[in-house]
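Asks: Under my numbering, read the sequence shown as residues 49 to 129, first letter to last.
Glycine included, each C-beta is placed from N, C-alpha and C at the ideal position.
Below is one structure. I have some questions about it.
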Amino acid sequence: MISFKFDVANALKTAGMTAYKAQKTGVLSQDTWRKIRNGNANISMESLNRICAILNMQPEHLIYYEKNEQEEKEILEKFNK
Numbered sequence: 049m050i051s052f053k054f055d056v057a058n059a060l061k062t063a064g065m066t067a068y069k070a071q072k073t074g075v076l077s078q079d080t081w082r083k084i085r086n087g088n089a090n091i092s093m094e095s096l097n098r099i100c101a102i103l104n105m106q107p108e109h110l111i112y113y114e115k116n117e118q119e120e121k122e123i124l125e126k127f128n129k
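Rendered as structure tokens:
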């Protein structure tokens with residue numbers, strides 16, 4: 049499972065991004081902002097790209113892969129069919 053390494057919502061707020069500004073400018077959708085606030089890293093690559101630009105970071109500074117045995121098993125079962 050892909051997870052954020054730190055509180056990305058707080059970092060975006062520190063950079064001047066608010067939910068209103070994200071939606072008004074179209075930089076991030078309301079759904080994406082909600083996911084980020086909840087620590088859900090299941091966002092689009094375009095959103096990840098925009099966050100990287102705002103925070104001046106590389107993707108590997110923001111996210112990491114956390115091994116989940118059950119999830120991995122389900123994926124591999126589908127893959128091996």
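1) Are the beta-carbon atoms belonging to Tyr112 and Lys69 less than 7 Å from one another?
2) From Asn88 to Thr73, what distance separates their C-alpha atoms?
3) Report yes if the C-beta distance between Arg85 and Ala57 is below 7 Å; otherwise report no.
4) On the DSSP letters alone, give me the boundaries of the alpha helix (DSSP H) that Ile102 sits inside.
5) Quick one: Cα of Ile123 to Cα of Thr66, how far?
6) Who are the Cβ neighbours of Glu114 in its own chain at under 7 Å, not counting the five residues just before and after it?
7) On the criterion of 16 or more Cβ atoms from any shown chain inside 10 Å, does Arg98 qualify as buried, or is it exposed?
Replies: From the atom records:
1) no
2) 22 Å
3) yes
4) 93-103
5) 36 Å
6) Met49, Ser51
7) buried
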